[in-house]
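> Pasting a structure here, questions to come.
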Amino acid sequence: MSGASQQQTTPSSAQYYSRSEMVHYTVFENRSEKMSEDIYENPIQFEDNQPYKIQTIDIDDKIYANQSSIKPAKNNGFTAQNSVWKRRFTAAVFLGMLAVLLGGILGLLLNHKNQMTSCNTLAKEKKQLQNSYNNLTNERDQLQTSYNSLTKEREQQQTSYNSLTTDREQIRTRCNSLTKERDQLQTRYNSLTKERDQLQTRYNSLTKERDQLQTRYNTLNKECPDGWLLLGRRCYYVSTEEKTWAESRQYCKNRGADLVSINSPAEQKFVNWMCGYKEYIWIGLTDSGIKGNWKWVDGTPLTAAYWASGEPDNEKDEDCAYFYSTSSDSGAWWDYTCSYEYRWICEK
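Residue numbers (UniProt numbering): 1 to 348.
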(Lines of atoms letter the chains of each structure in order from A and count residues from 1; the text may use other names and numbers.)
(Lines give C-alpha, C1' and ligand atoms only; values in the text may rest on other atoms or scores of the structure.)
Protein backbone atom coordinates (compact mmCIF):
# COMPACT_ATOMS: atom_id res chain seq x y z
CA MET A 1 0.00 0.00 0.00
CA SER A 2 1.45 3.44 -0.84
CA GLY A 3 2.38 6.15 1.66
CA ALA A 4 -0.49 8.39 0.55
CA SER A 5 -3.08 5.74 1.25
CA GLN A 6 -1.55 5.13 4.70
CA GLN A 7 -1.79 8.79 5.66
CA GLN A 8 -5.46 8.92 4.60
CA THR A 9 -6.44 5.67 6.33
CA THR A 10 -4.57 5.91 9.71
CA PRO A 11 -6.48 8.88 11.29
CA SER A 12 -9.90 7.50 10.40
CA SER A 13 -9.13 4.02 11.61
CA ALA A 14 -9.28 5.21 15.24
CA GLN A 15 -13.02 5.34 14.88
CA TYR A 16 -13.16 1.56 14.41
CA TYR A 17 -11.15 0.54 17.49
CA SER A 18 -12.76 -1.22 20.41
CA ARG A 19 -12.78 0.34 23.92
CA SER A 20 -9.69 -1.58 25.19
CA GLU A 21 -7.79 -0.77 22.03
CA MET A 22 -8.75 2.89 22.42
CA VAL A 23 -7.03 2.91 25.84
CA HIS A 24 -3.88 1.38 24.35
CA TYR A 25 -4.02 3.91 21.61
CA THR A 26 -4.30 6.81 24.08
CA VAL A 27 -1.38 5.51 26.22
CA PHE A 28 0.82 5.06 23.22
CA GLU A 29 0.12 8.57 22.02
CA ASN A 30 1.63 9.94 25.27
CA ARG A 31 4.92 8.02 24.86
CA SER A 32 7.92 9.41 23.07
CA GLU A 33 8.13 9.67 19.34
CA LYS A 34 10.69 6.87 19.23
CA MET A 35 8.33 4.41 20.95
CA SER A 36 5.54 5.41 18.57
CA GLU A 37 7.81 4.72 15.65
CA ASP A 38 8.67 1.31 17.16
CA ILE A 39 4.99 0.49 17.59
CA TYR A 40 4.16 1.33 14.04
CA GLU A 41 7.15 -0.45 12.45
CA ASN A 42 4.67 -3.11 11.27
CA PRO A 43 2.14 -1.28 9.13
CA ILE A 44 -1.63 -1.87 9.33
CA GLN A 45 -2.86 -3.89 6.40
CA PHE A 46 -6.35 -3.70 5.01
CA GLU A 47 -7.88 -6.41 2.80
CA ASP A 48 -10.93 -5.32 0.87
CA ASN A 49 -12.84 -3.80 3.82
CA GLN A 50 -12.32 -6.99 5.80
CA PRO A 51 -11.38 -7.04 9.51
CA TYR A 52 -7.68 -6.12 9.68
CA LYS A 53 -4.75 -7.00 11.99
CA ILE A 54 -3.06 -4.70 14.52
CA GLN A 55 0.31 -5.37 16.30
CA THR A 56 0.81 -3.67 19.71
CA ILE A 57 3.97 -3.26 21.92
CA ASP A 58 3.70 -3.42 25.72
CA ILE A 59 5.38 -0.66 27.85
CA ASP A 60 7.75 -3.25 29.37
CA ASP A 61 9.23 -3.86 25.90
CA LYS A 62 7.41 -7.24 25.51
CA ILE A 63 5.87 -7.56 22.07
CA TYR A 64 2.66 -9.38 21.68
CA ALA A 65 0.97 -10.08 18.38
CA ASN A 66 -2.72 -9.48 18.82
CA GLN A 67 -5.28 -10.04 16.16
CA SER A 68 -8.51 -8.18 16.66
CA SER A 69 -11.49 -8.25 14.40
CA ILE A 70 -12.80 -4.77 14.18
CA LYS A 71 -15.95 -4.17 12.34
CA PRO A 72 -16.70 -0.81 10.92
CA ALA A 73 -18.55 1.14 13.58
CA LYS A 74 -20.93 3.91 13.34
CA ASN A 75 -19.81 7.43 14.23
CA ASN A 76 -20.33 6.92 18.01
CA GLY A 77 -16.62 6.61 19.12
CA PHE A 78 -16.47 10.03 20.72
CA THR A 79 -19.77 9.41 22.54
CA ALA A 80 -18.34 6.24 24.11
CA GLN A 81 -15.13 8.05 25.13
CA ASN A 82 -17.13 10.85 26.78
CA SER A 83 -19.15 8.27 28.68
CA VAL A 84 -15.92 6.71 29.99
CA TRP A 85 -14.61 10.06 31.19
CA LYS A 86 -17.93 10.86 32.88
CA ARG A 87 -17.84 7.55 34.80
CA ARG A 88 -14.24 8.24 35.84
CA PHE A 89 -15.11 11.74 37.01
CA THR A 90 -18.09 10.41 39.04
CA ALA A 91 -15.84 7.78 40.64
CA ALA A 92 -13.22 10.41 41.47
CA VAL A 93 -15.84 12.66 43.11
CA PHE A 94 -17.17 9.72 45.11
CA LEU A 95 -13.67 8.77 46.27
CA GLY A 96 -13.00 12.39 47.26
CA MET A 97 -16.17 12.57 49.33
CA LEU A 98 -15.34 9.22 50.89
CA ALA A 99 -11.85 10.51 51.79
CA VAL A 100 -13.36 13.64 53.40
CA LEU A 101 -15.80 11.47 55.36
CA LEU A 102 -13.00 9.19 56.55
CA GLY A 103 -10.95 12.26 57.53
CA GLY A 104 -13.88 13.56 59.59
CA ILE A 105 -14.33 10.21 61.31
CA LEU A 106 -10.62 10.01 62.10
CA GLY A 107 -10.74 13.56 63.49
CA LEU A 108 -13.68 12.64 65.76
CA LEU A 109 -11.86 9.52 66.93
CA LEU A 110 -8.71 11.52 67.72
CA ASN A 111 -10.77 14.16 69.55
CA HIS A 112 -12.52 11.44 71.58
CA LYS A 113 -9.16 9.86 72.41
CA ASN A 114 -7.74 13.22 73.50
CA GLN A 115 -10.77 13.88 75.71
CA MET A 116 -10.42 10.46 77.32
CA THR A 117 -6.72 11.12 77.91
CA SER A 118 -7.55 14.53 79.43
CA CYS A 119 -10.15 12.94 81.72
CA ASN A 120 -7.64 10.34 82.90
CA THR A 121 -5.04 13.05 83.45
CA LEU A 122 -7.49 15.18 85.45
CA ALA A 123 -8.41 12.17 87.58
CA LYS A 124 -4.76 11.52 88.35
CA GLU A 125 -4.21 15.19 89.16
CA LYS A 126 -7.23 15.18 91.46
CA LYS A 127 -5.85 12.16 93.29
CA GLN A 128 -2.43 13.81 93.57
CA LEU A 129 -3.98 17.05 94.85
CA GLN A 130 -5.97 15.08 97.46
CA ASN A 131 -2.78 13.39 98.61
CA SER A 132 -0.99 16.76 98.69
CA TYR A 133 -3.85 18.23 100.72
CA ASN A 134 -3.63 15.40 103.24
CA ASN A 135 0.15 15.79 103.45
CA LEU A 136 -0.17 19.56 103.96
CA THR A 137 -2.72 19.00 106.70
CA ASN A 138 -0.34 16.67 108.51
CA GLU A 139 2.51 19.13 108.03
CA ARG A 140 0.34 21.95 109.38
CA ASP A 141 -0.38 19.97 112.52
CA GLN A 142 3.30 19.17 112.94
CA LEU A 143 4.22 22.82 112.40
CA GLN A 144 1.68 23.91 114.98
CA THR A 145 3.25 21.56 117.48
CA SER A 146 6.72 22.83 116.55
CA TYR A 147 5.49 26.43 116.87
CA ASN A 148 4.28 25.82 120.40
CA SER A 149 7.59 24.19 121.28
CA LEU A 150 9.58 27.04 119.69
CA THR A 151 7.53 29.59 121.61
CA LYS A 152 8.63 28.03 124.87
CA GLU A 153 12.24 27.91 123.66
CA ARG A 154 12.03 31.55 122.61
CA GLU A 155 11.03 32.57 126.13
CA GLN A 156 13.94 30.60 127.54
CA GLN A 157 16.29 32.17 124.96
CA GLN A 158 15.03 35.63 125.87
CA THR A 159 16.01 35.02 129.45
CA SER A 160 19.42 33.79 128.35
CA TYR A 161 19.77 36.82 126.06
CA ASN A 162 19.17 39.24 128.90
CA SER A 163 21.84 37.46 130.91
CA LEU A 164 24.28 37.56 127.99
CA THR A 165 23.60 41.26 127.46
CA THR A 166 24.78 41.96 130.96
CA ASP A 167 27.89 39.85 130.38
CA ARG A 168 28.54 41.64 127.08
CA GLU A 169 28.59 45.05 128.77
CA GLN A 170 31.11 43.80 131.27
CA ILE A 171 33.27 42.32 128.51
CA ARG A 172 33.04 45.54 126.47
CA THR A 173 34.39 47.50 129.39
CA ARG A 174 37.33 45.10 129.66
CA CYS A 175 37.82 45.25 125.87
CA ASN A 176 38.11 49.03 125.92
CA SER A 177 40.75 48.78 128.60
CA LEU A 178 42.71 46.19 126.62
CA THR A 179 42.43 48.33 123.46
CA LYS A 180 44.13 51.22 125.20
CA GLU A 181 46.92 48.93 126.36
CA ARG A 182 47.30 47.55 122.84
CA ASP A 183 47.60 51.06 121.36
CA GLN A 184 50.31 51.90 123.81
CA LEU A 185 52.19 48.70 122.94
CA GLN A 186 51.73 49.43 119.21
CA THR A 187 53.30 52.84 119.66
CA ARG A 188 56.27 51.30 121.41
CA TYR A 189 56.51 48.63 118.69
CA ASN A 190 56.54 51.23 115.91
CA SER A 191 59.31 53.14 117.67
CA LEU A 192 61.41 50.00 118.02
CA THR A 193 60.75 49.06 114.41
CA LYS A 194 62.00 52.43 113.22
CA GLU A 195 65.16 52.07 115.27
CA ARG A 196 65.66 48.57 113.86
CA ASP A 197 65.26 49.86 110.27
CA GLN A 198 67.78 52.61 110.88
CA LEU A 199 70.25 50.10 112.28
CA GLN A 200 69.58 47.79 109.33
CA THR A 201 70.25 50.64 106.91
CA ARG A 202 73.54 51.45 108.61
CA TYR A 203 74.44 47.76 108.61
CA ASN A 204 73.70 47.45 104.86
CA SER A 205 75.74 50.55 104.12
CA LEU A 206 78.69 49.25 106.08
CA THR A 207 78.36 45.87 104.40
CA LYS A 208 78.45 47.47 100.93
CA GLU A 209 81.47 49.55 101.87
CA ARG A 210 83.18 46.44 103.13
CA ASP A 211 82.36 44.54 99.92
CA GLN A 212 83.62 47.41 97.78
CA LEU A 213 86.84 47.63 99.74
CA GLN A 214 87.22 43.87 99.50
CA THR A 215 86.69 43.99 95.75
CA ARG A 216 89.21 46.77 95.29
CA TYR A 217 91.65 44.92 97.48
CA ASN A 218 91.24 41.76 95.41
CA THR A 219 91.67 43.74 92.20
CA LEU A 220 94.86 45.41 93.42
CA ASN A 221 96.34 42.09 94.47
CA LYS A 222 95.88 40.21 91.19
CA GLU A 223 95.84 40.88 87.46
CA CYS A 224 92.76 40.67 85.25
CA PRO A 225 91.71 37.14 84.10
CA ASP A 226 92.13 36.04 80.51
CA GLY A 227 89.71 37.83 78.19
CA TRP A 228 89.32 40.81 80.53
CA LEU A 229 90.61 44.34 79.82
CA LEU A 230 92.32 46.54 82.40
CA LEU A 231 91.55 50.24 82.83
CA GLY A 232 93.19 51.90 85.79
CA ARG A 233 92.58 49.57 88.71
CA ARG A 234 89.49 47.82 87.25
CA CYS A 235 88.95 44.86 84.92
CA TYR A 236 86.28 44.77 82.21
CA TYR A 237 84.78 41.88 80.27
CA VAL A 238 82.74 42.32 77.03
CA SER A 239 80.44 39.35 76.27
CA THR A 240 80.06 37.78 72.84
CA GLU A 241 76.63 36.23 73.52
CA GLU A 242 73.29 37.84 74.41
CA LYS A 243 71.22 37.51 77.61
CA THR A 244 68.54 39.40 79.52
CA TRP A 245 69.60 42.11 81.95
CA ALA A 246 69.10 39.85 85.01
CA GLU A 247 70.91 36.92 83.38
CA SER A 248 73.79 39.20 82.36
CA ARG A 249 74.19 40.48 85.90
CA GLN A 250 74.12 36.92 87.29
CA TYR A 251 76.84 35.96 84.84
CA CYS A 252 79.02 38.78 86.19
CA LYS A 253 78.29 37.89 89.82
CA ASN A 254 79.29 34.29 89.22
CA ARG A 255 82.74 35.64 88.27
CA GLY A 256 83.13 37.99 91.22
CA ALA A 257 82.04 41.06 89.25
CA ASP A 258 78.92 43.05 88.39
CA LEU A 259 77.50 44.95 85.43
CA VAL A 260 79.61 47.98 84.58
CA SER A 261 79.01 51.30 86.36
CA ILE A 262 80.08 54.37 84.36
CA ASN A 263 81.12 57.22 86.63
CA SER A 264 83.41 59.37 84.49
CA PRO A 265 83.78 60.62 80.89
CA ALA A 266 86.98 58.57 80.52
CA GLU A 267 85.11 55.39 81.50
CA GLN A 268 82.27 56.31 79.09
CA LYS A 269 84.74 56.61 76.18
CA PHE A 270 86.47 53.37 77.19
CA VAL A 271 83.17 51.46 77.18
CA ASN A 272 82.28 52.94 73.77
CA TRP A 273 85.68 51.79 72.46
CA MET A 274 85.24 48.25 73.88
CA CYS A 275 81.72 47.80 72.42
CA GLY A 276 82.54 48.44 68.81
CA TYR A 277 80.37 50.27 66.30
CA LYS A 278 76.55 50.22 66.64
CA GLU A 279 76.32 47.62 69.40
CA TYR A 280 73.70 47.26 72.17
CA ILE A 281 75.30 46.55 75.57
CA TRP A 282 73.61 46.10 78.98
CA ILE A 283 75.09 48.29 81.75
CA GLY A 284 74.50 48.19 85.50
CA LEU A 285 71.88 50.99 85.64
CA THR A 286 68.21 50.42 86.62
CA ASP A 287 65.17 52.09 88.19
CA SER A 288 63.40 48.85 89.12
CA GLY A 289 63.23 49.91 92.78
CA ILE A 290 61.50 53.27 92.38
CA LYS A 291 60.25 54.39 89.00
CA GLY A 292 62.39 57.23 87.66
CA ASN A 293 65.02 56.86 90.42
CA TRP A 294 67.97 55.46 88.47
CA LYS A 295 70.75 53.79 90.46
CA TRP A 296 73.80 51.70 89.71
CA VAL A 297 73.84 48.05 90.73
CA ASP A 298 76.18 48.85 93.65
CA GLY A 299 73.46 51.15 95.09
CA THR A 300 75.14 54.49 94.27
CA PRO A 301 72.81 57.10 92.76
CA LEU A 302 73.23 58.32 89.19
CA THR A 303 75.22 61.58 88.97
CA ALA A 304 76.83 61.92 85.54
CA ALA A 305 74.43 60.73 82.80
CA TYR A 306 74.92 60.17 79.09
CA TRP A 307 71.32 59.60 77.99
CA ALA A 308 70.31 59.86 74.36
CA SER A 309 67.92 62.66 73.38
CA GLY A 310 64.44 62.05 74.85
CA GLU A 311 65.66 59.27 77.17
CA PRO A 312 64.71 57.84 79.56
CA ASP A 313 61.06 57.78 78.44
CA ASN A 314 59.91 54.86 80.67
CA GLU A 315 57.73 53.31 77.99
CA LYS A 316 56.47 49.72 78.36
CA ASP A 317 58.10 49.20 81.81
CA GLU A 318 61.57 50.04 80.54
CA ASP A 319 63.50 49.72 83.82
CA CYS A 320 66.98 48.82 82.53
CA ALA A 321 69.60 50.81 80.64
CA TYR A 322 71.75 49.73 77.71
CA PHE A 323 74.75 51.38 76.05
CA TYR A 324 74.57 52.10 72.30
CA SER A 325 78.00 52.56 70.75
CA THR A 326 78.43 55.12 67.99
CA SER A 327 81.20 56.47 65.82
CA SER A 328 81.69 59.33 68.28
CA ASP A 329 83.89 59.04 71.37
CA SER A 330 81.18 58.72 74.03
CA GLY A 331 78.11 56.80 72.75
CA ALA A 332 74.71 57.12 74.50
CA TRP A 333 72.35 55.39 76.99
CA TRP A 334 68.79 54.17 76.41
CA ASP A 335 66.21 52.67 78.76
CA TYR A 336 64.56 49.45 77.63
CA THR A 337 62.63 46.35 78.76
CA CYS A 338 64.83 44.21 81.01
CA SER A 339 63.64 40.94 79.43
CA TYR A 340 65.23 41.75 76.09
CA GLU A 341 68.51 39.99 75.25
CA TYR A 342 71.67 42.06 74.57
CA ARG A 343 75.40 41.70 75.09
CA TRP A 344 76.84 43.05 78.38
CA ILE A 345 79.98 44.33 80.13
CA CYS A 346 81.16 43.06 83.52
CA GLU A 347 83.33 45.17 85.83
CA LYS A 348 85.42 44.23 88.87
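Glycine included, each C-beta is placed from N, C-alpha and C at the ideal position.
#1: Which runs of the beta strand (DSSP E), 3 residues or longer, sit entirely within the segment 157-220?
#2: In angstroms, rounded to a whole number, what distance separates the CA positions of tryptophan 296 and glycine 289?
#3: Identify the residues that DSSP records as bridge partners of tyrosine 306: which are they?
#4: Could you pull out every residue in the same chain whose Cβ sits closer than 7 Å to the Cβ of glutamate 242, ignoring the five residues on either side in sequence?
#5: Measuring CA to CA, which of Glu209, Leu285, Trp334 is closest to asparagine 263?
#6: What number of angstroms, rounded off, separates the C-alpha of methionine 274 from the C-alpha of leucine 231?
#7: Go to glutamate 347, then tell me how far its beta strand (DSSP E) extends in each direction, as first and last residue.
#8: Considering only residues of the same chain and omitting the five flanking positions on each side of serine 339, which have a CB-CB separation below 6 Å?
#9: Quick check on the DSSP output: the beta strand (DSSP E) that includes valine 238 runs from which residue to which?
#10: Would you kindly report the start and end of the unbroken beta strand (DSSP E) that includes tyrosine 336?
#11: What span of residues does the beta strand (DSSP E) with tyrosine 277 cover, start to end?
#12: Work out the CA separation of proline 312 and proline 301 for me, nearest whole Å.
#13: For tyrosine 133, which of helix, strand or coil comes out of DSSP?
#14: Would you give the residue range spanned by the alpha helix (DSSP H) that cysteine 252 belongs to?
#15: Among residues of its own chain, excluding the 5 on either side of alanine 257, which ones have a beta-carbon nearer than 8 Å to its beta-carbon?
#16: Quick one, which of Ala99, Val100, Thr215, Ser239 has its alpha-carbon nearest aspartate 226's?
#17: In three-state terms, what does DSSP make of tryptophan 296?
Let's see:
#1: Listed in chain order, there is nothing to give.
#2: Locating residue 296 in the sequence shown gives position 296, counting from the first residue. Locating residue 289 in the sequence shown gives position 289, counting from the first residue. The straight-line gap from Cα to Cα measures roughly 11 Å.
#3: Here residue 306 refers to the residue found at position 306 of the sequence shown. Tyrosine 306 is not bridged to any residue.
#4: For the purposes of this step, residue 242 is taken as the residue at position 242 of the sequence shown. Closer than 7 Å at the Cβ level, and outside the excluded window around glutamate 242, lie Glu341, Tyr342, Arg343.
#5: For this step, residue 263 is matched to residue 263 along the sequence shown. Considering only Glu209, Leu285, Trp334, the residue with the shortest C-alpha distance to asparagine 263 is Leu285.
#6: Within the sequence shown, numbered from 1, the residue matching residue 274 stands at position 274. Within the sequence shown, numbered from 1, the residue matching residue 231 stands at position 231. The C-alpha of methionine 274 lies about 11 Å from the C-alpha of leucine 231.
#7: As a working note, residue 347 is residue 347 in the sequence shown. Unbroken beta strand (DSSP E) run through glutamate 347: 343-347.
#8: If you number the sequence shown from 1, residue 339 lands on position 339. Correct list, in chain order: Thr244.
#9: For the purposes of this step, residue 238 is taken as the residue at position 238 of the sequence shown. In the DSSP annotation of this structure, the continuous segment of the beta strand (DSSP E) that includes valine 238 starts and ends at 234-238.
#10: Residue 336 sits at position 336 when you count from the first residue of the sequence shown. That run of the beta strand (DSSP E) goes 332-336.
#11: Against the sequence shown, residue 277 aligns to sequence position 277. Looking at the DSSP string, tyrosine 277 is not in any beta strand (DSSP E), and its letter there is neither H nor E.
#12: For the purposes of this step, residue 301 is identified with residue 301 of the sequence shown, where counting begins at 1. For the purposes of this step, residue 312 is identified with residue 312 of the sequence shown, where counting begins at 1. Between the C-alpha atoms of proline 301 and proline 312 there is a straight-line separation of about 16 Å.
#13: Counting from 1 along the sequence shown, the entry for residue 133 is found at position 133. Per DSSP, reduced to three states, the secondary structure at tyrosine 133 is helical.
#14: Position 252 of the sequence shown, counting from 1, holds the residue named residue 252. Looking at the DSSP string, the run of the alpha helix (DSSP H) that includes cysteine 252 is 245-253.
#15: In the sequence shown, counting from the first residue as 1, residue 257 sits at position 257. Once the five neighbours on either side are set aside, the close Cβ partners of alanine 257 are Cys235, Tyr237, Cys346, Glu347, Lys348.
#16: Residue mapping note: residue 226 aligns to position 226 of the sequence shown, counting from 1. Ranking Ala99, Val100, Thr215, Ser239 by Cα distance to aspartate 226 puts Ser239 first.
#17: Here residue 296 refers to the residue found at position 296 of the sequence shown. Three-state DSSP puts tryptophan 296 in a strand.
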